[in-house]
């Protein structure tokens, strides 16, 4: 599990700062909670930051 998480970090954080990932996580959460209409259009994963946030935060759950 540790190696898998480290690989995720390396793959997704190489081009993003921690602040960018945090901002993307807030945007992703907003998409799920407040802007559900965006989900049907793929809004949850429409940027590299949101994909990184999803992979690092939600995928391990």
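Residue numbers (my numbering): 76 to 136. Cβ coordinates follow ideal geometry from the N, Cα and C atoms, glycine included.
Residues near residue i in its chain [Cβ-Cβ closer than 8 Å; skip 5 each side]
i	result
residue 119	103, 106, 107, 113, 125, 129
residue 98	124
Candidates the options: closest to residue i by CA position
i	options	result
residue 133	92, 90, 91, 96	96
Neighbourhood of residue i by C-beta distance below 6 Å, restricted to the same chain and skipping five residues each side
i	result
residue 88	none
Beta-carbon spacing of residue i, residue j below 8 Å
i	j	result
residue 91	residue 127	yes
Close beta carbons around residue i, own chain, < 7 Å, minus the five adjacent residues each side
i	result
residue 100	128, 132
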